[in-house]
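Residue numbers (the UniProt record's numbering), protein chains in the order written: chain A, 1 to 514; chain B, 1 to 349. Backbone N, C-alpha and C define an ideal beta-carbon position, used for all residues, glycine too.
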């Protein structure tokens, strides 16, 4: 079998930090080759070396058997290597075609020949079943469609080796299935694919072989069909991974959070939470399952005071907290791991230490008479960084933006859990994280529960809700359609509930709700 | 190349490049660049008088630079330093001449009035931004023009129809015989000490207080600040007000020190606008602003000497000074060039 790409003994160093150490990756023609590793293991570095963004300190790269030096992305493009970035590089108010030709516009007598380009885009789109309208504006199309534009961009430039960098991170389950089909179609047409991911499910489904790297070291390459998710997870993390987190039976006590007929509107004034009732007790984890956009965000924002409540009542430990200021609510014992860590959870341009003090900077012992004791800030932060294994370049002084997503999330979780709140709200706490980090976070949530605290978990992942919760409340169209126990239900049943079919009605005659 | 060598080389090369290009401009225009630079040097350092004047010139730049830098650090773009400075100038001049009080009360009161007037003028864009999301750049630009005309009208009222207000009383003046005598009767005044205090104050406020923490957090990320329980609107207004207070104090330096009064303005003073460049030169750090202001003030004051001593017209002087500042500000380009150069050399080896 011939190799289209061989990266042999690649080493890349940043200062004293070795990001890639003696990594070998060989891509066969016509295969989907997964590159698996934890957040910060060095996957992106390796691909940036292949794409010419970094120069390796050691090792050789061969493309179709010939040794090459890839000094910049243009060289990579010429060699037929194309990258579909995790964060799309598209101009929002340009059309699909304009975006695709950007940087290599075909010209006719000094003007851009957009018609020909559009035809070419159309043809490519049809060939690979991408279903993209060449004249649509980027801002008007879905995230999944934007990703296809990125794929088209590489194809238009003549790539036959495609690198997908965490392509499913921002896609819906439906879009993920479609992407898998597109990848298979690309292979049929003779392309080769490197898929960077830490999602084992996708690897098992679509890849032919897997190369695993761990902390910058190449661990080895296995054939997917001869492997299992458990084996891959072990290779990636370097120890046994428990997919199902062990936990003792819950011991629910007094009610901590009580929500009575809550109604909340979104920014446009449309009711997103409708007459919702929910109870969370001390010593239990209540998981809210549901498809994105069924009122979860509005519900959390209402509890934490970030959004005004239109109607209804929220009480914490028997005291009403409806429409109080966020700080008042935080101080009455609520911890909040926000859904969007970049938007709400962190000030990305602050040093890590500052961010760990984000909820406590104004209080003793950190501050006194309006003056902050940064020694104390960093002392507390170092403690949390160590306990929660937050990895960063320069410890408390690292600019938070420079940390990987998983480490940013661990910092937030450390900050919120260490305040020891009576109610911990965890919204999508493991989004975008690898199995090792997920396991860690789940264990922390269960620990809080075992310490007699109430935990409210919001997640779009069924596995997570089933695994961690003691009770599952399914949210649909702004209200809790049903409450079930994880051991008494199935994924199938939950799926039906999440789609809005109440179980009783379903067994009767499948009648529609409302 | 080691990091330290780069750090020393960058500013050095920038200044030399600026001087060389400035020399070419002078030579092409038919003037002797050496004479020109000697005149510039003399205009800054020749004797105790010029040095006194140079320091005097630096003082208001420190304040306008701090005002712009403070706004930047808290996520705001205050283009209205000019107007806030004029209002501060007017307020200080009025308090200085309208009351008769002991110095220990009068001088602080005049300074306070200047800070308050600048703060008030900055409150308007701050309030509009916080409550109605009106962009502060538009409001502050327009308020610069408003400030000039409002000040001119009020000068007329205060002076009973005159072109300028009366001199401030001795009790409100920053002037000191001691300093003047020491510098051969330049207009050097105590304002420089107030300015140095302001530098330390800004550093302390931003880097050591909870208020500074909040202001920076709101500037970087409003959503996260709200999540952390901060009052975002209050902090936006406060950031603008503090920035304006710095600007107002800059005006007080002119009102109580340099001129001891205020005259009707035909155009902007330029100090506020130069503050933007000073802030950027200083990377929005208080001590950086101090260095930026020293550079700006020294070149400005030294340049005044070039027409008289070397016969170079003021237009050419402005170009030369602008070039020097331009090259210092573009140190980044030189840094990149040096790193490329160092890399190539390493590869060749």
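According to the DSSP assignment, residue 264 of chain B belongs to no alpha helix (DSSP H), since it is labelled neither H nor E. Nearest CB-CB separation between residue 371 of chain A and chain B: below the 8 Å threshold.
Three or more beta-carbon pairs separated by less than 8 Å are not found between the segment 41-55 of chain B and the segment 321-331 of chain B, which leaves the two stretches without contact.
Near chain A, meaning a CB-to-CB distance below 9 Å, the residues of the segment 185-215 of chain B are 204, 207, 208, 209, 210, 211, 212, 213 and 214. Residue 462 of chain A and residue 275 of chain B have their alpha carbons spaced roughly 57 Å apart.
In this chain, the beta strand (DSSP E) harbouring residue 28 of chain A covers 17-28. Against residue 224 of chain B, the close residues of chain A are 343, 344, 345, 346, 347 and 358, in the order they occur along the chain (beta-carbon pairs closer than 8 Å). Secondary structure at residue 351 of chain A: strand, using DSSP grouped into helix, strand and coil. In this structure, residue 56 of chain A keeps its C-beta atom at 8 Å or more from the C-beta atom of residue 63 of chain A. Note on geometry: alpha-carbon atoms of residue 501 of chain A and residue 469 of chain A lie some 21 Å from one another.
Within chain B, the residues whose beta carbon sits less than 8 Å from that of residue 350 of chain A are 216, 217 and 220, listed in sequence order. Counting along the chain, no beta strand (DSSP E) covers residue 310 of chain A, and no H or E run does either.
Residues of the same chain with a CB within less than 7 Å of the CB of residue 143 of chain B, apart from the 5 flanking positions on each side, are 80, 83, 121, 124 and 125 in chain order.
Judged by their CB atoms, residue 329 of chain A and residue 337 of chain A are not nearer to each other than the 8 Å cut-off. From the listed residues A:179, A:177 and A:346, the smallest Cα separation to residue 223 of chain B is found for A:346. Residue state for residue 140 of chain B is assigned as helix, using DSSP reduced to three classes.
About 6 Å separates the beta carbons of residue 158 of chain B and residue 94 of chain B, which is inside the 8 Å limit, making them a contact pair. C-alpha of residue 268 of chain B to C-alpha of residue 227 of chain B: approximately 42 Å in a straight line. With respect to chain A, the C-beta atom of residue 227 of chain B has a partner C-beta closer than 8 Å.
Chain B places a beta carbon closer than 8 Å to that of residue 338 of chain A, counting this residue as a contact.
With 16 or more other Cβ atoms from the protein chains shown falling within 10 Å of its own Cβ, residue 152 of chain A counts as buried.
Judged by DSSP secondary structure, residue 292 of chain A falls outside any alpha helix (DSSP H); it is assigned neither H nor E. Interface criterion met: the Cβ of residue 327 of chain A is under 8 Å from a Cβ in chain B. For residue 367 of chain A, the chain B residues whose C-beta falls within less than 7 Å of its own C-beta are 210, listed in chain order. Looking from the CA of residue 26 of chain B, the closest CA among B:327, B:310, B:340 and B:72 belongs to B:310. Within chain B, the C-beta atoms nearer than 8 Å to that of residue 306 of chain A come from 226 and 227, in chain order. Runs of the alpha helix (DSSP H) spanning 4 or more residues and lying entirely within the segment 437-484 of chain A occur at 462-468, in chain order.
Looking at A:280, A:125, A:374 and A:169, the one whose alpha-carbon comes closest to that of residue 154 of chain A is A:125. Contact between the segment 304-313 of chain A and the segment 470-480 of chain A is absent, with fewer than three C-beta pairs closer than 8 Å.
Residues of chain B whose Cβ lies closer than 7 Å to the Cβ of residue 330 of chain A are, in chain order, 229. Cβ-Cβ separation between residue 371 of chain A and residue 208 of chain B: approximately 6 Å, consistent with a contact (criterion under 8 Å).
Between the alpha carbons of residue 194 of chain B and residue 34 of chain B lies a gap of roughly 37 Å. Classified as exposed, residue 292 of chain A has fewer than 16 neighbouring CB atoms from the shown chains inside 10 Å of its CB. For residue 388 of chain A, not one C-beta of chain B is nearer than 8 Å to its own C-beta. Looking from the CA of residue 88 of chain A, the closest CA among A:377, A:138 and A:459 belongs to A:138. The beta-bridge partner set that DSSP reports for residue 137 of chain A consists of A:95.
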